[in-house]
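What follows is a set of notes on a single structure, which appears directly below.
Numbering (our numbering), first residue to last: 52 to 311.
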């Protein structure tokens, strides 16, 4: 089958990713993250990674595992509040961090995948995002070693907009519920989140899927991401510890309260 994009396992899928590569990684919190591919990348020993993802997992799961092992050199994210190690590395100057408004991050990824070099958005206008000077990296002495540059702005119909550049990466890692051998993907409910956008932005996109089907089994109207954006597909088994679905923050009610 000439268009068969499947690979045998996650180790083979990530083996070609070199040190220092840039990666767009799907997921939101721990929902829809490509945990098996992340685990394989950790075991592969790849380092110096520049990662674009909404967040950086938690201390003991997802991208947090790569972070704890010192494999991430730079993060472009919109929310990092659930990871204490992230804060420690950032404040100590071990990690470079570019914080981006969430909607802007999503559009920068989408624009990159669509071949749009830049776009205007009102998000961040009139703030330090526009003026520059946000600390991207601290030095050993606590001073700002690398700061964000000022952004070009323009007024449309009386409203100020900032020019934001699109994002493309060397690779992208995503997770889908369904995929076929041609790389067409279907995501489950909110697990879709950043996954299609990350897949579009990656020059080489690797998808882990929970269920692998044959070409033609997916209704074209149900496909969320066409296979043209995907170069490799690997099936992960629910019984694989690295592929489990974790709950980021479990909230339950007291049993007495429920019975009251």
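Here a beta-carbon is modelled for each residue, glycine too, at the ideal position from N, C-alpha and C. All values reported here derive from a predicted model rather than from experimental measurement.
Report task. For my contact list, residue 91 and residue 62 are in at a C-beta cut-off of 8 Å; report their separation, rounded to the angstrom. Result -> 5 Å
Query - At least 3 beta-carbon pairs within less than 8 Å: the segment 259-274 vs the segment 228-240 - result: yes
Query raised in the report: Can you tell me whether residue 86 is buried or exposed, with buried defined as 16 or more other CB within 10 angstroms of its CB?
Result: Buried, because 16 or more other Cβ atoms sit within 10 Å of the Cβ of residue 86.
Query raised in the report: Since residue 183 contacts residue 198 with CB under 8 Å, what's their CB separation in whole angstroms?
Result: 7 Å
**Report entry** Span separating the alpha-carbon of residue 305 from that of residue 124
**Finding:** 42 Å
Requested in this report: Take the Cβ of residue 67 as the centre, count every other Cβ of all protein chains shown within 10 Å, and call the residue buried at 16 or more, exposed below.
Outcome: exposed
Query raised in the report: Roughly how many angstroms lie between the CA atoms of residue 73 and residue 147, to the nearest whole one?
Result: 13 Å
Query raised in the report: So what's residue 97 in DSSP terms, helix, strand or just coil?
Result: Correct three-state label for residue 97: coil.
Query raised in the report: By how many angstroms is the C-alpha of residue 212 removed from the C-alpha of residue 94?
Result: Those two C-alpha atoms are separated by around 43 Å.
Query raised in the report: Relative to the C-alpha of residue 252, which residue among 185, 113, 219 is closest?
Result: 219
Report task. Starting from the Cα of residue 255, find the closest Cα among 75, 71, 55 and give me that residue. Result -> 75
**Report entry** Residues of its chain near residue 277, where Cβ-Cβ distance is below 7 Å and the 5 sequence neighbours each way are ignored
**Finding:** 235
Requested in this report: Can you grab the Cα-Cα spacing for the pair residue 333 / residue 99, in whole Å?
Outcome: The shown model of the chain, from 52 to 311, leaves out residue 333, and the question about it has no answer.
Query raised in the report: Between the beta-carbon of residue 284 and the beta-carbon of residue 258, is there less than 7 Å?
Result: yes
Report task. Determine the closest residue to residue 102 out of 117, 109, 289, 186, with distance taken between C-alpha atoms. Result -> 117
Requested in this report: Pick helix, strand or coil for residue 226, following the three-state DSSP scheme.
Outcome: If DSSP states are grouped into helix, strand and coil, residue 226 belongs with the strands.
Query raised in the report: Which residues in the same chain as residue 163 place their Cβ atom closer than 6 Å to its Cβ, once the five residues preceding and following it in sequence are excluded?
Result: 217, 218, 219, 252
Query raised in the report: Count the other CB atoms within 10 Å of the CB of residue 167; is the residue buried (16 or more) or exposed (fewer)?
Result: exposed
Query raised in the report: Given a threshold of 16 other Cβ atoms within 10 Å of its Cβ, counted over all protein chains shown, does residue 56 qualify as buried or as exposed?
Result: By the neighbour-count definition (other C-beta atoms within 10 Å, threshold 16), residue 56 is a buried residue.
Query raised in the report: What is the DSSP secondary structure of residue 57, counted as helix, strand or coil?
Result: DSSP places residue 57 in the strand class (E or B) of the three-state scheme.
Query - Residues near residue 60 in its chain [Cβ-Cβ closer than 7 Å; skip 5 each side] - result: Correct list, in chain order: 285.
Query raised in the report: Is DSSP giving residue 193 helix, strand or coil here?
Result: Under the three-state reduction of DSSP output, residue 193 falls in the coil class, being neither helix nor strand.
Query raised in the report: For residue 128, is the classification buried or exposed, using 16 other Cβ atoms within 10 angstroms of its Cβ as the cut-off for buried?
Result: Taking all protein chains in view, the Cβ of residue 128 is crowded by 16 or more other Cβ atoms within 10 Å, so the residue is classified as buried.
Query raised in the report: Ends of the alpha helix (DSSP H) at residue 154?
Result: 153-165
**Report entry** Cβ-based neighbour list, residue 291, same chain, cut-off 8 Å, excluding 5 preceding and 5 following
**Finding:** 87
Report task. Ignore the nearest five residues each way along the sequence and tell me which others in residue 126's own chain have a CB closer than 6 Å to its CB. Result -> 102, 107, 148
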